[in-house]
Each structure stands twice: as C-alpha cells, then as structure tokens.
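Below you'll find the structure, written out as structure tokens, and then a few comments.
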Amino acid sequence: MHTFHHAYIDGRFVPVQGTTVLHSVNPATEEPLGHTTLANRDDARQAIAAAKRAQALLGRSSKAERIDMLQQLEAAVLAHADQIRDVTIEEYGGPLARAQWVSQYASQCFARTAELLRGYDFSRRVGDSLVRMEPVGVAALIAPWNSVAGTVCSKLASAIAAGCASVIKPSELSPWQTEVTAQALHAAGLPGGVFNILLGRGEDVGDELVTHPDVARISFTGSTPTGQAIVRAAAGTIKRVGLGLTGKCAAIVLDDADLPQAIEQALACAFMNNGQACVAGTRLLVPAHRLTEVLALVQRQVAALRVGDPRDAETAIGPLASRAQYERIQHYIRRGLEQGATLVAGGEGRPEGLAKGYFVRPTVFAHVHNGMDIAREEIFGPVLSILSYADDADAIALANDSAYGLQAYVFSRNRDRALAVAERLDAGAVLINRTLPDPLAPFGGMKQSGLGRESGLFGLESFLEPKAIVGA
Ligand code: NAD
Numbered sequence: 003m004h005t006f007h008h009a010y011i012d013g014r015f016v017p018v019q020g021t022t023v024l025h026s027v028n029p030a031t032e033e034p035l036g037h038t039t040l041a042n043r044d045d046a047r048q049a050i051a052a053a054k055r056a057q058a059l060l061g062r063s064s065k066a067e068r069i070d071m072l073q074q075l076e077a078a079v080l081a082h083a084d085q086i087r088d089v090t091i092e093e094y095g096g097p098l099a100r101a102q103w104v105s106q107y108a109s110q111c112f113a114r115t116a117e118l119l120r121g122y123d124f125s126r127r128v129g130d131s132l133v134r135m136e137p138v139g140v141a142a143l144i145a146p147w148n149s150v151a152g153t154v155c156s157k158l159a160s161a162i163a164a165g166c167a168s169v170i171k172p173s174e175l176s177p178w179q180t181e182v183t184a185q186a187l188h189a190a191g192l193p194g195g196v197f198n199i200l201l202g203r204g205e206d207v208g209d210e211l212v213t214h215p216d217v218a219r220i221s222f223t224g225s226t227p228t229g230q231a232i233v234r235a236a237a238g239t240i241k242r243v244g245l246g247l248t249g250k251c252a253a254i255v256l257d258d259a260d261l262p263q264a265i266e267q268a269l270a271c272a273f274m275n276n277g278q279a280c281v282a283g284t285r286l287l288v289p290a291h292r293l294t295e296v297l298a299l300v301q302r303q304v305a306a307l308r309v310g311d312p313r314d315a316e317t318a319i320g321p322l323a324s325r326a327q328y329e330r331i332q333h334y335i336r337r338g339l340e341q342g343a344t345l346v347a348g349g350e351g352r353p354e355g356l357a358k359g360y361f362v363r364p365t366v367f368a369h370v371h372n373g374m375d376i377a378r379e380e381i382f383g384p385v386l387s388i389l390s391y392a393d394d395a396d397a398i399a400l401a402n403d404s405a406y407g408l409q410a411y412v413f414s415r416n417r418d419r420a421l422a423v424a425e426r427l428d429a430g431a432v433l434i435n436r437t438l439p440d441p442l443a444p445f446g447g448m449k450q451s452g453l454g455r456e457s458g459l460f461g462l463e464s465f466l467e468p469k470a471i472v473g474a
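Counting from 3, one number per residue, gives the positions in the sequence shown under this note's numbering.
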C-alpha cells in the first residue's frame, strides 16, 4: 500500500497543506492500492512562486545548459523505466507491452528534444529586424489520467528546451504514477523550482494554475469540456494556451487495402491503451462492397484478443482504469444497441472468466451511421464502430463529419491514393499504414480536438515567443 501526502516544490518533497484524501484501487483486482492527500490552492501558489524564482535563471540559461538538463533528465527517467512500467500496470491497468512502451517513450522525449535543440537557432533576421525567440515564462503543464509519464515528460522536455520553468499537475486519479514520475525527475538533480509537481483537483489546483497572473502559458491535455473551461479561465490574464483534447478518430480502409493486415492494424488502433486513448481509431470506415469480408475478419481477430491480467505478456486488453470508466463503457454499449447498431463482437458485462476488475468485452458495432452517439461521442474504451462508405469521396465526407479532428488512419496498398485521401482529412495527423505516430512530427488536433501543437520543433516553439528588435 502506498501513501502520498506531499508535493514536489522547489526541488524538495514537502507535505501538502490540502486535506482531501483519495483512495485508489488496483483496477485489475479491485484491491486497495493506497491513499493520497491532495494539494490545495496554497500549495499551488507556492509551486508557482518557486517556478517564478527559477524562471529568472532558466530564462537566461544557455542552449548548452538546457541540453545538459535534458540529458540529465533522460538518464534519470531511463534509470526508473522499470518502476514507470510497473506502476502503469498496477495503478492504471496498462497491458505490459504498452506499459513498457510508455516507460521508454518517457526518457526518449528528453533525448529527442536535446537533439532538436542542438540544431535550433533562437535568433533569426527578418527584414531589418533581429528576431529573438524568447521563453514565454512560467508554464502550467496539466495532464490526464490515461497517460502520465509520457505526457508529463513530453511537455516538460519542450518547456525546459525553451527555457520555461513549470508547475506540473497530473490527474488526481493517478497518484502513484505521479509519485514514480516525480521521483525519477527529481533524481536528475536539476536546480530547485525548474519544475514543480503537485496533485490536486481541477476545480482548485487546476483553476489556480490557469488563473494565476504569474503563469504565462498553459499546456493542457485532457477532455474538450475541460479545455473549454480553461480557455475561459485563462482569458483573464491572456495566457498562451495549448490544448490537446478529445478525439473520435476515423480509420479508413480503402478498397485496395490488404484486408487481413489492415483490419489487424485497425483493431490495434481502436483498442490501444485499453481503448483509453485520445488517438484511438474508434470509427472504422470500410467500403460497403467489402463489408462482409471485413466483418468475418473482425470477428475472428477480436475473438483471438486476450483480455485479462495486464502483467501477462499475452494480454492485449487490460482492465479499464476505474469503475466510472467501466460504467461509461456499459452505457455506450447499451446506447449502440438502443440506437439500432448491429453487435458484431463483445457486448455488455465482463468477459467470461473475469469476475473481478474493471474488465469490459472488446466490442464492435456494424451498420453504424454518423447520427448515432457511438459514432459522434468519445467512448474512451475498447468499443469500435464500423461505418460503410460508397467511394473515397464518401469516406472523406463521413470521416470529416465530426466535431473532432485529432488523428486519422488510412490503409491502402497505393501510397499516392492514400496520400490524396490524407490530404483531404480534417485531422492534426494522418497515419498511413501504421499505428504508431512519428514522435518528431507536430502533434495536436483540428476543430474541437485542440489548439496548437506539441512535440518536436512545433512543441518547442509553442513555449517561445518572437521578439522583434528593429534596427539592430
Ligand atoms: P479531464 O479533462 O477530466 O482532466 C484532465 C486534467 O485536467 C486533469 O489533471 C484534471 O485534474 C485537470 N482539470 C480538470 N478541470 C480543470 C480546470 N477547471 N482547470 C484546470 N485543470 C483542470 O480529462 P481526463 O478524463 O483526465 O482525460 C481523458 C480525456 O483526455 C479524453 O477526452 C482524452 O481524449 C483526452 N486526451 C487527449 C489527448 C491529446 O493529446 N489530444 C491525450 C490524452 C488524453
């Protein structure tokens, strides 16, 4: 059992002043895992003050000093990779392969950003002016519960490269992952205040961060409704706001695709991270004349997916992160049935043989149309909706008929044709014949899936602001 009653402020773990205690359970066994005391607004103000002090030095640090910090962070996080992997399994229910990937990705964020920084020039000439790319100032980095170490390290790497001190607020629903990540980052030995970490609720700690005048930049990842609230709250002090939000991503199988392979990849996209991924390809668009073949493949391949103990290397889908998530998925499965979709695999309840834990059955609906809730709303679990289309133009129209536009997938044997489709999709990224993103590419959403981009050069520049010195 773990107990956490501290925050990481100014380079030290200090007891929190908040008094709200949260109890957590292992989602695979429903056994108690421990309890956590949440930080409050006073803790948040202390963290912001520490970041403000550190900003004065970090903002003027050299490129070489920032590269050193990134390398120290990379080494420290890599040394904690096993702990990050284990806690992602224990607290979150991430299957082993996914947890392992996250644990590596976290340290690689720092390595990639250090490499990028080596080739980055903070000064350029435009007309008569010297343009200096300057750090925007103290940043609040706010993360969701479905990706803790990865989101935190990716945002922190860009912030430090740009010279921004930060206050990091992971989700209050992931205390143990936060603790392990904080211990790993602390081991890098960076000057106090460069980053500060605290757990607290959105309505107090989160709100303090997005309204405090000493915070210049918000880098938020979470749901669209919270993103909307943040934009409103941050307007009072005109903060630079970046938002990575809800997804309802389309995966389009073109009619020339290698179907068995495309369906395998499409299912991997739909069910990645137990279906709790903003980039999950949860709307599968298939040519109407190949629907029968697709459904046969889907049924066979879904039946072969192992749902169960996330520690087992053979497990494809572990438990959902919480009881609330379990109930949410049941609601959407019922909604799909009520609104007339055809159940192709899965359905309500737990998978056979699993009496405990927040396990759900990987579920696939066919004959879904874009008016149904399961086609329009983010379900955030392993539930896939199959829509049929007449031709490529119809597929593009269906894919774009959504409030969201985070990431899309296209499967085809013909790269030119896939590219032509990709160019017409309203999505921040389109992956052709692959399920893993390019970590150097800009990451973010169009429409209500977000504002601004993270990762690589675009991530770095999102923490910088151009200053023109005219006549220099
Ligand atoms: P959420 O919006 O409920 O919470 C995200 C974070 O915001 C948490 O740390 C929460 O405490 C904080 N928060 C809540 N209210 C706040 C407020 N008023 N001010 C400041 N902070 C506040 O999201 P969640 O349930 O933790 O995560 C799931 C959602 O995140 C899904 O919609 C998913 O698609 C999205 N997501 C998006 C991306 C992306 O890059 N686009 C990546 C992962 C998850």
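Ideal Cβ placement from N, Cα and C applies to all residues, glycine included.
Predicted model, so just to flag it, every value in this text is computed and none were measured.
Taking DSSP as the reference, what is the three-state secondary structure of residue i?
i: Q409; result: strand
i: L442; result: coil
i: S156; result: helix
i: R352; result: coil
i: V217; result: coil
i: Y10; result: strand
i: I319; result: strand
i: F222; result: strand
i: R242; result: strand
i: G202; result: coil
i: Y107; result: helix
i: P172; result: coil
i: F367; result: strand
i: Y2; result: Given that the chain is displayed from residue 3 to residue 474, the structure contains no residue 2 and the question cannot be resolved.
i: H82; result: coil
i: V423; result: helix
i: Y360; result: coil
i: K250; result: coil
i: V16; result: strand
i: P262; result: helix
i: P227; result: helix
i: T180; result: helix
i: L35; result: strand
i: F197; result: strand
i: I388; result: strand
Would you grab the beta carbon distance between residue i and residue j for me? Rounded to a whole angstrom, and I think it's under 8 Å.
i: P137; j: C111; result: Actually they are not in contact, since the Cβ atoms of P137 and C111 sit about 18 Å apart, beyond 8 Å.
i: F465; j: R219; result: 6 Å
i: Q278; j: A347; result: Incorrect: roughly 19 Å between the Cβ atoms, too far for contact.
i: E350; j: R337; result: E350 to R337, Cβ: 11 Å. No contact.
i: I170; j: L72; result: No, I170 and L72 are not in contact; Cβ-Cβ is about 16 Å, not under 8 Å.
i: K449; j: Y411; result: The pair is not a contact, with the Cβ atoms about 17 Å apart (cut-off 8 Å).
i: Q409; j: A429; result: 6 Å
i: Q303; j: E266; result: 6 Å
i: V366; j: A377; result: Not a contact, Cβ separation roughly 13 Å.
i: R415; j: A259; result: 6 Å
Can you give me the Cβ contacts of residue i inside the same chain, cut-off strictly under 7 Å, excluding the 5 residues immediately before and after it?
i: I331; result: L322, V362, I381, G383 and V385
i: A1; result: A question about residue 1 goes unanswered here, because the residues of the chain that appear run from 3 up to 474.
i: I398; result: V423, R426 and L427
i: G204; result: T228
Looking only at its chain, what residues have a beta carbon closer than 8 Å to the beta carbon of residue i, apart from the 5 residues adjacent to it on each side?
i: F273; result: A282, L307, A318, I319, P364, P384 and L386
i: S131; result: A470, I471, V472, G473 and A474
i: T213; result: A235, A236, G238 and T239
i: V140; result: I50, A53, K54, Q57, C166, A167, S168, V169, D216, V217, A218 and R219
i: A99; result: A315
i: L297; result: V346, A368 and I388
Once the 5 residues before and after residue i are set aside, which same chain residues still bring their CB inside 6 Å of it?
i: F460; result: P444
i: P146; result: S173, T223 and G224
i: K157; result: L143 and S221
i: S109; result: E76, V79 and L80
i: Y391; result: L287, A397 and L400
i: A186; result: A78, V79 and H82
Is residue i near the ligand ATP, with its Cβ less than 7 Å from a heavy atom?
i: L24; result: Because the ligand ATP does not appear in the structure shown, any question about it cannot be addressed here, the ligands present being the ligand NAD.
If we cut at 8 Å on Cβ distances, does residue i have a partner in chain C?
i: R436; result: Absence of chain C from the displayed structure is noted, only one protein chain being present.
Does the structure place the stretch 197 to 209 close enough to the stretch 43 to 54 that three or more beta carbon pairs sit under 8 Å?
yes
Is the stretch 285 to 295 touching the stretch 3 to 15, taking contact as three or more C-beta pairs under 8 Å?
no
Is it the case that the stretch 450 to 459 contacts the stretch 239 to 257, given that we only count it when at least three CB pairs across the two stretches are under 8 Å?
yes
Do the stretch 172 to 185 and the stretch 146 to 163 touch if we need at least three Cβ pairs shorter than 8 Å?
yes
Using 8 Å as the threshold, is the stretch 99 to 118 in touch with the stretch 76 to 89, meaning 3 or more CB pairs across them?
yes
The stretch 120 to 135 / the stretch 429 to 440 touching (three or more Cβ pairs under 8 Å)
no
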